[in-house]
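The structure appears below as structure tokens.
Residue numbers (our numbering), protein chains in the order written: chain P, 1 to 207; chain V, 1 to 207; chain Y, 1 to 207; chain B, 1 to 207.
Next comes the structure, spelled out in structure tokens:
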């Protein structure tokens with residue numbers, strides 16, 4: 001029973017973010033209840049996903065092929081964005097979340113992951129080569145003034161911040177400001193239940 | 001932006017059971033991060049799902065093509081099962097859950113859904129024609145003695161039980177017993193927090 | 001700081017069912033914000049609680065002193081209840097939950113607890129002496145016909161059922177029926193997610 | 001039944017923070033199961049709570065009577081604390097949470113509440129008179145340099161910040177800095193799920 005098509009598809013869905021074995025199996029039965037035409041269409045979209053969507057050579061985010069200035073995405077190719085600012089984010093969804101707020105007009109670099117504690121082999125985890133190339137380009141072509149690190153406040157996020165501080169040190173020497181997203185009270189935070197790190201940061205960053 | 005491939009795939013995943021727009025979008029970015037070979041394989045499995053898996057002509061459950069006695073599934077074709085018992089379940093997953101317990105050796109009929117309150121057009125919701133055909137066959141070929149209704153205890157489940165009682169009435173007249181899954185305290189039930197229906201059933205069905 | 005009045009009261013509230021140290025402390029500050037008159041009233045009610053409320057000599061439930069037939073509670077003293085039925089429950093709240101449904105008109109016995117797995121010294125845990133006395137009285141005075149065990153379906157609940165079966169065996173020999181609350185699907189149960197014990201009971205107790 | 005002692009005590013417990021009717025009733029039955037001596041002790045502590053604990057004349061926090069410099073609490077009476085800093089918090093528990101971190105050595109003022117949206121009558125809600133008196137004292141006696149507003153980031157918290165900005169304006173004119181707890185990413189914040197206000201603040205307060 002373990003190598004039938006239901007089990008194979010269940011095993012694939014189990015690897016999807018946030019999906020357990022029970023829900024994975026429900027997905028397969030959900031698909032079984034769809035008309036064959038819908039499944040063909042779904043399969044076609046999946047097979048074509050990575051031919052229609054490519055990675056930007058500069059910021060490494062995914063974008064829809066067909067925009068004019070391939071191999072750059074619409075953000076990296078946009079002459080109206082502020083090329084003196086570069087924001088480092090973990091993933092495309094973070095970039096999209098920040099982008100839609102409309103409060104930042106600079107450029108981005110997508111790391112593609114975080115640096116796990118005690119991890120030695122980093123290139124498989126974060127896109128360091130692309131990041132360095134992105135920075136070097138912006139230093140040469142544009143007057144890059146600030147790199148903003150915008151990572152989640154988790155153990156791996158903090159570890160990545162520490163790693164990036166060392167990695168970006170040479171650019172700081174060359175006059176590029178390295179800044180970190182401000183820490184403090186976030187929306188909904190109640191003082192009574194706030195951990196000590198957040199209180200310390202809120203006190204330190206009071207204004 | 002609404003007709004690009006990311007949005008199209010997101011819209012498909014949103015229809016999956018229990019998936020909201022945010023998680024649907026995460027699924028697409030998760031797929032983007034997979035190697036193209038994995039996506040091709042995934043797409044192939046989806047496209048072939050319904051050619052490898054067919055619906056049993058008798059009980060309407062899905063099964064893997066390749067067993068000997070097509071168009072019957074391995075359960076309906078099994079001469080060692082007790083053909084005097086027929087259990088009506090809502091869906092394949094319910095059947096699998098009950099089957100793996102090994103406490104029931106009769107046959108099954110999968111309804112494919114429940115009867116919503118106030119719904120008129122039922123054939124789109126439950127597989128009534130197939131159910132009746134299944135029962136008629138078992139009455140003619142085998143000595144069907146009991147039909148067991150094994151549905152969830154929800155508003156729609158109870159409504160379906162009421163509907164089936166009327167539908168199955170003629171068979172009761174012919175001597176087939178129509179029984180319902182027993183109601184009472186289920187595992188983990190605490191008397192302090194138990195609703196009145198369950199207490200009444202537990203009192204009524206005490207033994 | 002550990003023996004001040006705030007800490008002392010916090011330590012008392014921490015023992016309340018479901019209350020952790022943080023909420024216990026919030027309770028104390030909540031009390032500090034109340035007018036002194038309210039606190040005096042609250043303190044008086046607590047001090048008088050057990051002089052106003054006594055335990056019924058027969059069923060051992062708590063009741064408000066002042067009813068006519070002390071030392072019996074209003075249920076045990078009620079001539080209109082069916083004295084041929086005796087229901088064993090774990091605690092007063094369970095009794096109240098069942099009583100308000102109005103589907104049972106017999107008498108009760110409150111155990112006061114459950115029998116933990118591997119526990120030897122039971123009198124501290126369940127009110128066995130009072131239970132036996134209650135049964136003996138009803139056998140002598142009334143024609144007790146059935147003892148209904150109405151306990152939660154938990155490991156300790158099931159252990160207590162096993163214990164009571166042995167304890168009540170002599171009465172079964174004398175013709176008293178010993179019954180257990182019916183097991184099966186309770187309200188809201190979905191077949192897909194139901195554990196094997198409940199499915200087995202639902203199948204066994206189908207009707 | 002509604003005016004018996006069980007109902008009266010249940011009604012009192014229902015007003016405790018975070019307690020519903022069911023848990024309130026469980027509290028009463030929990031108390032019924034305690035020895036009378038424990039209840040007497042509990043009642044005594046409640047009755048004496050507000051004679052042992054008094055409110056500091058200056059910061060309005062509650063403290064245990066018996067410290068040397070009544071009517072001031074141990075914090076307000078401590079000559080080693082930095083009297084140039086005054087932190088405004090909502091309640092005692094917030095003060096204790098911040099205090100135990102050991103990162104702030106200034107003085108406090110407890111508001112006793114927040115300013116609800118659209119509320120006119122404020123003295124019942126926040127201890128404004130005491131706050132002003134506290135500030136005036138510290139301006140006169142000590143060289144007060146900064147007032148730090150440390151409130152929860154909720155609608156009422158933000159409304160209170162706005163209210164305090166107007167109230168404290170005259171002191172700002174006199175050279176006292178009015179600062180607000182820093183806003184930004186708090187511990188555990190994931191960029192993907194962060195609301196726009198927090199992202200904006202994190203970007204604005206980057207460093």
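Even glycine gets a Cβ: it sits at the ideal position worked out from N, Cα and C.
Nothing here was measured: the structure is a model prediction, and the numbers come from that model.
A direct Cα-to-Cα measurement between residue 174 of chain Y and residue 194 of chain Y gives close to 38 angstroms. Cβ proximity to chain P below 9 angstroms picks out 191, 192, 193, 194, 195, 196, 197, 198, 199, 200, 201, 202 and 203 from the segment 191–203 of chain B.
With a cutoff of 7 angstroms on beta-carbon distance, residue 61 of chain B and residue 82 of chain B are scored as not near each other. Among the residues facing chain P, residue 94 of chain B is included, as its CB has a counterpart in that chain under 7 angstroms away.
Runs of the alpha helix (DSSP H) lying entirely within the segment 119–177 of chain B and spanning at least 4 residues, in chain order: 128–141 and 155–173. Residue contact with chain B for residue 108 of chain Y: absent (no Cβ-Cβ distance below 7 angstroms to any residue of chain B).
Uninterrupted beta strand (DSSP E) stretches at least 3 residues long and entirely within the segment 27–61 of chain B occur at 53–55, given in chain order.
Contact between residue 90 of chain P and residue 106 of chain P is absent: CB atoms are separated by about 17 angstroms, not below the 8 angstroms threshold. Here residue 206 of chain Y is not near residue 184 of chain V, since their CB atoms are 7 angstroms or more apart. For chain V, the residues of the segment 135–155 of chain Y that bring a beta carbon within less than 8 angstroms of one of its beta carbons are 148, 150, 151, 152, 153 and 154, in chain order. In this structure residue 50 of chain Y touches residue 36 of chain B by the C-beta definition: roughly 5 angstroms separates them, less than 8 angstroms.
Going by beta carbons, residue 108 of chain P and residue 59 of chain P fall inside the 7 angstroms limit. In the three-state DSSP reduction, residue 13 of chain P falls in the helix class (H, G or I).
At the C-beta level, residue 57 of chain V and residue 79 of chain V stay beyond 7 angstroms of one another. A residue is called buried when at least 16 other Cβ atoms come within 10 angstroms of its Cβ; residue 65 of chain P does not meet this threshold and is exposed. DSSP places residue 88 of chain B in the uninterrupted beta strand (DSSP E) bounded by 82–89.
Neighbours of residue 205 of chain B across chain P, judged by C-beta separation under 9 angstroms: 181, 182, 183, 184, 205 and 207. Put simply, the CB of residue 97 of chain V is near chain Y, with a gap under 7 angstroms to one of its CB atoms. When DSSP states are grouped into helix, strand and coil, residue 180 of chain B belongs to the strand group. The shortest CA-to-CA distance from residue 187 of chain P to any of B:151, B:163 and B:177 is the one to B:151.
DSSP, reduced to helix, strand and coil, places residue 117 of chain Y outside both helices and strands of the structure shown, so it counts as coil. Counting only the Cα atoms, residue 41 of chain V lies some 10 angstroms from residue 12 of chain P.
Nearest neighbour of residue 144 of chain V by Cα position, chosen from V:132, V:201, V:155 and V:153, turns out to be V:132.
Among the bridge pairs identified by DSSP, residue 107 of chain P is matched with P:86. Beta-bridge partners assigned by DSSP to residue 64 of chain B: B:53. Using beta-carbon distances, residue 75 of chain Y does not count as an interface residue toward chain V, since no partner is under 7 angstroms. No Cβ of chain B is located within less than 7 angstroms of the beta carbon of residue 14 of chain P. With a threshold of 16 other beta carbon atoms within 10 Å, residue 31 of chain P meets it and is buried. Here the alpha carbon of residue 146 of chain B sits roughly 4 angstroms from the alpha carbon of residue 177 of chain B. Assignment of residue 75 of chain Y by DSSP, reduced to helix, strand and coil, places it in the coil class. Around the beta carbon of residue 201 of chain P, 16 or more other beta carbons lie within 10 angstroms, which makes this residue buried. Of Y:17, Y:46, Y:25 and Y:15, the smallest CA-CA separation from residue 8 of chain B is found for Y:46.
Residue 185 of chain Y sits in a strand when the DSSP states are folded into three classes. Looking at the backbone, the Cα of residue 124 of chain B and that of residue 111 of chain B are separated by about 11 angstroms. The three-state reading of DSSP puts residue 195 of chain Y in coil, since its state is none of H, G, I, E or B. Boundaries of the alpha helix (DSSP H) harbouring residue 92 of chain P: 92–99, taken from the DSSP string.
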